[in-house]
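Numbering (our numbering), first residue to last: 66 to 135. Working notes, beginning with the structure itself.
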């Protein structure tokens, strides 16, 4: 995500309806410096074109795919 941030911004914008965020971070708290998941979430929040796209990528798309009510 961070190798070419301009490309990533455009990619997230173009594909915001198709991207699902997922992580297998072994850090139980999710805030440790070694937690790749926490770092990736921060990067998505920083590079997403807007809050709507950020929410789709981090939550809404998975909710829709897995048909979660809440």
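A virtual CB, placed ideally from N, CA and C, is assigned to each residue, including glycine. Owing to the predicted nature of the structure, the values given are computational and were not obtained by experimental measurement.
- In the structure shown, the three-state DSSP call for residue 133 is coil.
- In its chain, beyond the 5 residues on either side, no residue has a beta carbon closer than 8 Å to the beta carbon of residue 79.
- Bounds of any alpha helix (DSSP H) do not take in residue 87, whose DSSP letter is neither H nor E.
- Counted as a single uninterrupted DSSP element, the alpha helix (DSSP H) harbouring residue 78 occupies residues 70-79.
- Judged by their CB atoms, residue 113 and residue 106 are not nearer to each other than the 8 Å cut-off.
- Distance check between residue 125 and each of 102, 75, 109 and 86 places 86 closest, using alpha-carbon atoms only.
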